[in-house]
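Asks: Just passing along the structure, written as structure tokens.
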Amino acid sequence: MIDLLALCAFNAAYAHAIDNDQLEKWPDFFTEDCLYRITSADNEREGLPAGIVYADSRAMLQDRIAALREANIYERQSYRHLLGMPVLQTADSDTATACTPFMVARIMLHGETRLFATGEYRDRFVRTQGRLMLAERVAVCDSTVTDTLLALPL
Amino acid sequence: MQAPTPRWSGPGYTRIPYAIYTDTAVSRQEQERIFRGPTWNYLCLDAELPEPGCYRTTHVGDAPVVVVRDDDGEIYAFENRCAHRGALIALEKSGRAPSFQCVYHAWSYNRQGDLRGVAFEKGVKGQGGMPETFCKQEHGPRKLRVAVYCGLVFGSFSDDVPPIEEYLGEEICARIERVMHKPVKVIGRFTQALPNNWKLYMENVKDSYHASLLHLFFTTFELNRLSQKGGVIVDESGGHHVSFSMIDGAAAADTSYREQGLRSDTDRYRLKDPGVLEGFQEFDDGVTLQILSVFPGFVLQQIQNCLAVRQLVPTGQDKSELHWTYLGYADDTPAQQKARLKQLNLVGPAGFISMEDGAVGGFVQRGIAGADDHEAVVEMGGDSVSSSEGRATETSVRGFWKAYRTHMESPA
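Chains as they are written, first to last, in this note's numbering: chain A, 9 to 162; chain B, 22 to 433.
Put into structure tokens, the structure is as follows:
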């Protein structure tokens with residue numbers, strides 16, 4: 009049975025990887041044929057399928073990190089994720105669905121810290137070979153507005 | 022009105038005084054002469070108002086606006102400002118309404134923006150009420166002229182603005198029709214808050230020179246090289262443009278990047294899942310990229326199968342909001358829609374090729390602080406503002422300033 013504590017530990021490790029610039033680890037939290045998307049509550053309410061990030065494979069997540077490291081130009085910045093307690097919706101021995109609220113502050117090179125995004129992850133977890141992984145994570149932002157740009161993942 | 026402080030150092034458009042991006046008097050005058058002047062401003066898509074009563078709220082420059090379809094099938098637009106005390110009439114982003122009622126004192130309006138009801142107009146038990154002389158027909162929010170072109174809804178506060186097709190000109194019309202040739206549907210909406218004056222974003226959109234230098238992702242995958250076939254169209258007013266490119270097999274062997282040792286020409290970077298770029302052919306003319314702008318703040322984009330409109334709204338001297346509406350066609354197959362969803366990774370606030378555009382305007386805005394008496398150089402391709410075959414040119418940026426100065430310097 010996948011339990012709350014397992015999800016909390018998973019989410020803590022997930023946030024830790026992003027916030028500590030271990031972005032190369034981030035795709036490994038997902039299954040090979042995962043879905044990862046960033047959208048807004050408005051789009052979800054209206055059933056609009058697009059995301060500002062839309063990946064349907066782990067390889068696409070790896071490509072995004074490679075692009076951030078090698079191609080894209082943006083000011084040096086980091087995030088601090090604060091993740092709330094997951095609401096466990098369904099769970100059995102190898103699968104679970106859950107919603108977890110997030111708040112993400114963005115810290116810029118020159119020192120400015122601002123609340124960058126709030127929202128919730130809508131997740132589908134699977135356990136394969138004893139390891140918990142995300143088959144799907146939709147980061148639904150409460151606001152439709154993104155300040156300047158979104159480089160690092162949520 | 023007091024003359025704005027920025028001084029143009031010549032009659033042409035190759036030197037842009039930095040004060041034009043920082044001066045508050047300029048900003049106020051832009052609202053009056055450009056946004057509420059004889060221009061057409063994008064409001065929404067025809068497809069977003071499918072039935073009578075459907076409305077959306079938006080902005081024309083500073084001014085809040087309601088756009089709504091009435092029972093006669095026509096689209097109307099009026100200021101979102103109650104005639105009584107000036108409060109917003111509609112608060113939601115969109116919805117459906119038989120009529121509109123201001124929440125403050127319940128003055129009500131029909132879908133054409135006519136004041137129809139004044140609460141307690143005759144008073145209560147013979148007390149109070151409006152004077153006999155008060156005439157509802159003489160009060161109401163300002164109405165906009167509305168023009169629908171190829172499914173795009175434009176509005177204007179001006180009675181002097183030319184008809185939309187004349188405003189756009191033949192070449193721009195043809196390029197809009199090329200993309201909007203059949204019914205579209207919205208597949209997502211996102212807003213990007215830009216840390217810069219609105220004009221810096223419009224210049225960026227029109228600047229075909231920067232695309233392959235700033236956006237490495239584009240260049241690496243040969244979506245957009247200056248050496249690709251393509252060009253820039255600038256309309257007669259200067260204010261509208263189209264930048265386009267077509268895949269050219271010969272460009273693969275082009276060495277102009279390598280010879281200059283530019284950062285853009287790296288070949289280390291390859292995608293693990295090229296699905297992000299996999300599309301399907303839907304235009305017969307071989308044009309893989311078409312960025313089109315309409316003065317003052319509208320963009321229509323086709324990058325492969327990635328379609329979007331962008332509406333730029335100034336929200337202050339040094340900030341603006343870019344509203345992205347991602348599109349597909351109403352008759353898309355599920356596979357076609359999927360391809361668009363994946364390609365949309367290229368654009369928007371997190372786009373592989375457009376995230377930089379959200380930041381670079383801010384770099385300029387911060388860079389020009391304290392440099393009000395200095396000016397930018399816009400001289401790539403000389404001083405012309407005409408259409409050009411190559412794209413190593415700033416011709417359409419100069420075109421923007423031509424249109425801008427025409428509006429700002431014509432007597433109010």
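All residues carry an ideal CB built from backbone N, CA and C; glycine is no exception.
Bear in mind that the values here come from a model prediction, so they are computed numbers and not experimental data.
In this structure, how does DSSP classify A:His24 when only helix, strand and coil are distinguished?
Replies: By one-based count along the first sequence, residue 24 of chain A stands at place 16. If DSSP states are grouped into helix, strand and coil, A:His24 belongs with the helices.
Asks: Using a C-beta to C-beta distance shorter than 7 Å, which residues of chain A count as neighbours of B:Phe208?
Replies: Here residue 208 of chain B is taken as the residue at index 187 of the second sequence, counted from 1. Residue identity differs from the one stated: residue 208 of chain B is Ile in this sequence, not Phe. Leu56, Pro57, Ala58, listed in chain order.
Asks: Less than 6 Å between C-beta atoms, sequence neighbours within five positions excluded: which residues of the same chain meet that for B:Ala437?
Replies: Limits of chain B in this structure are 22 at one end and 433 at the other, which puts residue 437 of chain B out of reach.
Asks: In whole angstroms, what is the alpha-carbon distance linking B:Gln322 and B:Thr26?
Replies: By 1-based counting over the second sequence, the position of residue 322 of chain B is 301. By 1-based counting over the second sequence, the position of residue 26 of chain B is 5. One C-alpha to the other measures close to 35 Å.
Asks: Identify the continuous alpha helix (DSSP H) that holds B:Arg49 and give its terminal residues.
Replies: In the second sequence, the residue the question calls residue 49 of chain B occupies position 28. From DSSP, the alpha helix (DSSP H) with B:Arg49 extends over 45 to 51.
Asks: If you reduce the DSSP assignment to three classes, tell me which class B:Phe155 lands in.
Replies: Position 134 of the second sequence, counting from 1, holds the residue named residue 155 of chain B. It is coil, neither helix nor strand.
Asks: How about B:Gln213: is its C-beta nearer than 9 Å to some C-beta of chain A?
Replies: Locating residue 213 of chain B in the second sequence gives position 192, where the first residue counts as 1. Yes, contact with chain A.
Asks: Check the DSSP bridge columns for A:Ile131 and list the partner residues they point to.
Replies: Counted from its first residue, the first sequence places residue 131 of chain A at position 123. For the sequence presented, residue 131 of chain A should be read as Asp rather than Ile. Bridge partners of A:Asp131: A:Ala106, A:Arg145.
Asks: When the cut-off is 9 Å and only beta carbons count, does B:Lys363 lie next to chain A?
Replies: For the purposes of this step, residue 363 of chain B is taken as the residue at position 342 of the second sequence. At least one chain A Cβ lies under 9 Å of B:Lys363.
Asks: So is B:Met8 buried or exposed if we call it buried at 16+ other beta carbons inside 10 Å?
Replies: Given that chain B is displayed from residue 22 to residue 433, the structure contains no residue 8 of chain B and the question cannot be resolved.
Asks: Please report how far the alpha carbon of B:Gly300 lies from the alpha carbon of B:Thr309, in whole angstroms.
Replies: Here residue 300 of chain B refers to the residue found at position 279 when the second sequence is read from its first residue. Here residue 309 of chain B refers to the residue found at position 288 when the second sequence is read from its first residue. Going from the Cα of B:Gly300 to the Cα of B:Thr309 covers about 11 Å.
Asks: When DSSP labels each residue in this structure, what does B:His428 get in the three-state scheme?
Replies: The residue labelled residue 428 of chain B in the question sits at position 407 within the second sequence. Of the three classes helix, strand and coil, the one that applies to B:His428 here is helix, per DSSP.
Asks: Whole alpha helix (DSSP H) runs in the stretch 165 to 252 of chain B with 4 or more residues, listed along the chain?
Replies: Whole alpha helix (DSSP H) segments, 4+ residues: 185 to 189, 191 to 200, 219 to 227, 232 to 235, 237 to 241.
Asks: Does DSSP classify B:Ala329 as helix, strand or coil?
Replies: For this step, residue 329 of chain B is matched to residue 308 along the second sequence. B:Ala329: strand per DSSP, three-state reduction.
Asks: Just how far apart, CA to CA, sit B:Val253 and B:Thr427?
Replies: Within the second sequence, residue 253 of chain B is the residue found at index 232, counting from 1. Within the second sequence, residue 427 of chain B is the residue found at index 406, counting from 1. Cα-Cα distance, rounded: 21 Å.
Asks: Taking beta-carbon pairs under 7 Å, can you tell me which members of the stretch 367 to 385 of chain B lie near chain A?
Replies: Listed in sequence order: Gly369, Pro370, Ala371, Phe373, Met376, Glu377, Gly379, Ala380, Gly383.
Asks: Give a yes or no on whether the minimum CB-CB distance between A:Asp71 and chain B is below 9 Å.
Replies: Here residue 71 of chain A is taken as the residue at index 63 of the first sequence, counted from 1. By this cut-off, A:Asp71 is an interface position.
Asks: Where B:His80 and B:Phe265 are concerned, what is the direct C-alpha to C-alpha distance, given to the nearest angstrom?
Replies: Numbered from 1 along the second sequence, position 59 holds the residue referred to as residue 80 of chain B. Numbered from 1 along the second sequence, position 244 holds the residue referred to as residue 265 of chain B. Cα-Cα distance, rounded: 29 Å.
Asks: Check distances from the C-beta atoms of the stretch 17 to 50 of chain A to those of chain B and list, in chain order, the residues that come in under 9 Å.
Replies: Under the 9 Å Cβ criterion, the stretch 17 to 50 of chain A contributes Arg45, Ile46, Thr47, Ser48, Asp50.
Asks: Return helix, strand or coil for B:Asp288, following the three-state DSSP convention.
Replies: The count along the second sequence starts at 1 and reaches residue 288 of chain B at position 267. For B:Asp288, the predicted structure reports a pLDDT of 48, less than 50, and the residue's modelled location is therefore unreliable. The matter cannot be settled from this model.
Asks: Look at B:Leu165 and B:Leu64 and say whether their C-beta atoms are less than 9 Å apart.
Replies: Taking the first residue of the second sequence as position 1, residue 165 of chain B is located at position 144. Taking the first residue of the second sequence as position 1, residue 64 of chain B is located at position 43. For B:Leu165 and B:Leu64, yes; Cβs fall inside 9 Å.
Asks: Given a cut-off of 9 Å on the beta-carbon distance, is the pair B:His160 and B:His105 in contact?
Replies: For the purposes of this step, residue 160 of chain B is identified with residue 139 of the second sequence, where counting begins at 1. For the purposes of this step, residue 105 of chain B is identified with residue 84 of the second sequence, where counting begins at 1. In contact: B:His160 and B:His105 (Cβ atoms closer than 9 Å).
Asks: How is B:Trp345 classed by DSSP in three states: helix, strand or coil?
Replies: Residue numbering aside, residue 345 of chain B sits at position 324 when the second sequence is read from its first letter. If DSSP states are grouped into helix, strand and coil, B:Trp345 belongs with the strands.
Asks: Can you check whether the CB of B:Pro370 is closer than 9 Å to the CB of A:Ile81?
Replies: Here residue 81 of chain A refers to the residue found at position 73 of the first sequence. Here residue 370 of chain B refers to the residue found at position 349 of the second sequence. Not in contact: A:Ile81 and B:Pro370 (Cβ atoms no closer than 9 Å).
Asks: What residues from chain A crowd round B:Tyr347, counting only those whose CB sits closer than 9 Å?
Replies: Translated into the one-based positions of the second sequence, residue 347 of chain B becomes position 326. Result: Leu56, Ala58.
Asks: Quick check: what's the CA-CA separation for B:Arg57 versus A:Leu12?
Replies: Residue 57 of chain B sits at position 36 when you count from the first residue of the second sequence. Residue 12 of chain A sits at position 4 when you count from the first residue of the first sequence. Approximately 56 Å between the Cα atoms of the pair.
Asks: Quick one: is B:Asp393 near chain A, going by C-beta distance under 9 Å?
Replies: Residue numbering aside, residue 393 of chain B sits at position 372 when the second sequence is read from its first letter. Answer no: the Cβ-Cβ gap between B:Asp393 and chain A never drops below 9 Å.
Asks: Can you name the start and end residues of the beta strand (DSSP E) that B:Arg36 belongs to?
Replies: Taking the first residue of the second sequence as position 1, residue 36 of chain B is located at position 15. Taken as a continuous stretch (DSSP letters only), the beta strand (DSSP E) holding B:Arg36 covers 36 to 38.
Asks: Over the uninterrupted alpha helix (DSSP H) stretch that includes B:Arg387, give me the two end residues.
Replies: Within the second sequence, the letter at position 366 stands for residue 387 of chain B. Per DSSP, B:Arg387 belongs to the alpha helix (DSSP H) from 376 to 388.
Asks: If contacts are defined as beta-carbon pairs under 8 Å, then B:Ala437 and B:Trp128 qualify, I think. What distance do you get, rounded to the angstrom?
Replies: The structure shown has nothing for residue 437 of chain B, since chain B only spans 22 to 433.
Asks: Helix or strand or just coil, what does DSSP make of B:Tyr278?
Replies: Translated into the one-based positions of the second sequence, residue 278 of chain B becomes position 257. Summary for B:Tyr278: the model assigns pLDDT 48, below 50, so the residue's position carries little reliability, and this model does not support an answer.
Asks: Specify the secondary structure class of B:Arg419 as computed by DSSP and reduced to three states.
Replies: The sequence position of residue 419 of chain B within the second sequence is 398, counting from 1. Reduced to three states, the DSSP call for B:Arg419 is helix.
Asks: Any Cβ of chain B within less than 9 Å of the Cβ of A:Ser65?
Replies: For this step, residue 65 of chain A is matched to residue 57 along the first sequence. Chain B, which has a Cβ nearer than 9 Å to the Cβ of A:Ser65, makes this yes.
Asks: Closest to A:Ser48 by CA distance: which of A:Pro35, A:Tyr62, A:Cys42 is it?
Replies: Working through the first sequence from its first residue, we reach residue 48 of chain A at position 40. It is A:Tyr62 whose Cα lies nearest to the Cα of A:Ser48.
Asks: Less than 9 Å between CB atoms is the rule here; does B:Asn245 satisfy it with respect to chain A?
Replies: Taking the first residue of the second sequence as position 1, residue 245 of chain B is located at position 224. Reliability of the predicted coordinates at B:Asn245 is poor, the pLDDT of 49 falling under 50, and the value obtained from them is presented with this limitation in mind. False, the Cβ-Cβ gap to chain A never drops below 9 Å.
Asks: From which residue to which residue does the beta strand (DSSP E) around A:Asn80 run?
Replies: Walking along the first sequence from the start, residue 80 of chain A turns up at place 72. No beta strand (DSSP E) holds A:Asn80; DSSP gives it neither H nor E.
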